[in-house]
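Shown next, in structure tokens, is the structure this report addresses.
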Amino acid sequence: MKSRMLSLQSQAVVWWQARQPRERLALSVATGILVCVCWYLLASGLQQNINRMQRQLPELMHNSFEIAAGTRAAPPAPPVTTGADLRSDIFRLLAEREQPAELRALSVGSVEMRLPAAPGARQLETLHALRLGSGARVKSIQIQNGDDGLSEVTATLERQP
């Protein structure tokens, strides 16, 4: 193996010395540029990951402190259905959460719900809790973001009989 490496090295030296000075310069410059481009691509990718992680760190630390302190909100209750229509179940769950919303029954197992403007994360948490609490699935969702950082959500929930 060592003799093979020495053979390749001597062939490379012979090949390099057979080049004209102008060719050597062009190859050296091209190799330098290639190394710089590769280094830049590697470094910029790493820097983007570092920046992303630095932005996420405070939130993750806050979450870990909440979990350690036991103040993290309990997971939503398991699906509880009363056997009534979906609109009644959604209305009951919204009343428990003290969340205002417009409900329109499309059928016994389908409801269109419009949540007023609120922070987007809160809207999605509400929708997730309603989905789990009623045993329904989100058939469609439309989110409209306002300039003030608040979102209005219109969703169609559907439950199979």
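Its first residue numbered -3, the sequence shown is counted upward by one per residue in our numbering. The C-beta atom is built at its ideal place from N, Cα and C for all residues, glycine as well.
Taking 8 Å as the cut-off, decide whether the C-beta atoms of Glu148 and Pro96 are in contact. The residue given as residue 148 occupies position 152 in the sequence shown. The residue given as residue 96 occupies position 100 in the sequence shown. No.
In terms of DSSP beta bridges, what is Pro115 paired with? As a position in the sequence shown, residue 115 is number 119, starting the count at 1. Note: Pro115 sits in a beta bridge opposite Leu146.
Taking 7 Å as the limit between beta carbons, can you name the residues of its chain near Gln140, skipping five residues before and five after? Numbered from its first residue, the sequence shown carries residue 140 at position 144. Excluding sequence neighbours, Gln140 sits near Ser147, Glu148.
Assigned exposure category for Gly28 - 16 Cβ within 10 Å defines buried: On the sequence shown, residue 28 is found 32 positions in, with the first residue counted as 1. Per the 10 Å Cβ criterion, exposed.
So Arg110 and Glu98 are in contact, right, with Cβ under 8 Å, and what is the actual spacing, rounded? The residue labelled residue 110 in the question sits at position 114 within the sequence shown. The residue labelled residue 98 in the question sits at position 102 within the sequence shown. That pair is a contact at about 4 Å.
Nonlocal neighbours in the same chain, by C-beta distance under 6 Å from Ser136, ignoring five residues either side: As a first step, residue 136 is located in the sequence shown; it is residue number 140 there, counting from the start. Closer than 6 Å at the Cβ level, and outside the excluded window around Ser136, lie Thr152.
Assuming Arg118 and Glu108 are in contact, meaning their beta carbons sit under 8 Å apart, how far apart are those beta carbons, in whole angstroms? Looking up residue 118 in the sequence shown gives position 122. Looking up residue 108 in the sequence shown gives position 112. That belief does not hold up - the Cβ atoms of Arg118 and Glu108 are roughly 20 Å apart, past 8 Å.
Between which two residues does the beta strand (DSSP E) containing Ala97 stretch? Against the sequence shown, residue 97 aligns to sequence position 101. No beta strand (DSSP E) contains Ala97, which DSSP labels as neither H nor E.
Would you list the residues sitting across from Val107 in a DSSP beta bridge? As a position in the sequence shown, residue 107 is number 111, starting the count at 1. DSSP, once it has assigned bridges, lists Ala101, Leu153 as partnering Val107.
Whole angstroms are fine: how far does the CA of His124 sit from the CA of Gln52? Residue mapping note: residue 52 aligns to position 56 of the sequence shown, counting from 1. Residue mapping note: residue 124 aligns to position 128 of the sequence shown, counting from 1. Linking Gln52 to His124 through their CA atoms gives a straight-line distance of about 23 Å.
How about Ser84 and Glu154: are their beta carbons less than 8 Å apart? Counting from 1 along the sequence shown, the entry for residue 84 is found at position 88. Counting from 1 along the sequence shown, the entry for residue 154 is found at position 158. Going by beta carbons, Ser84 and Glu154 fall outside the 8 Å limit.
Where Arg15 falls: helix, strand or coil (DSSP): Here residue 15 is taken as the residue at index 19 of the sequence shown, counted from 1. DSSP places Arg15 in coil when its eight states are reduced to three.
The ligand GDP and Arg118: does any heavy atom of the ligand fall closer than 7 Å to the residue's C-beta? Absence of the ligand GDP is noted for the structure shown, with no ligands found whatsoever.
Roughly how many whole angstroms lie between the Cα atoms of Ser6 and Gln16? For this step, residue 6 is matched to residue 10 along the sequence shown. For this step, residue 16 is matched to residue 20 along the sequence shown. Their backbone Cα atoms lie some 18 Å apart in a straight line.
Report the residue from Leu126, Leu120, Pro115, Ala132 whose alpha carbon sits nearest the alpha carbon of Asp143. Walking along the sequence shown from the start, residue 143 turns up at place 147. Ranking the options by Cα distance to Asp143, first place goes to Pro115.
Alpha carbons only, please: which of Val104, Leu2, Leu128 is nearest the one belonging to Gln156? By one-based count along the sequence shown, residue 156 stands at place 160. Taking only the C-alpha atoms, the option nearest Gln156 is Val104.
Please state whether the Cβ-Cβ distance between Gly129 and Leu82 is less than 8 Å. By one-based count along the sequence shown, residue 129 stands at place 133. By one-based count along the sequence shown, residue 82 stands at place 86. No, they are not a contact pair.
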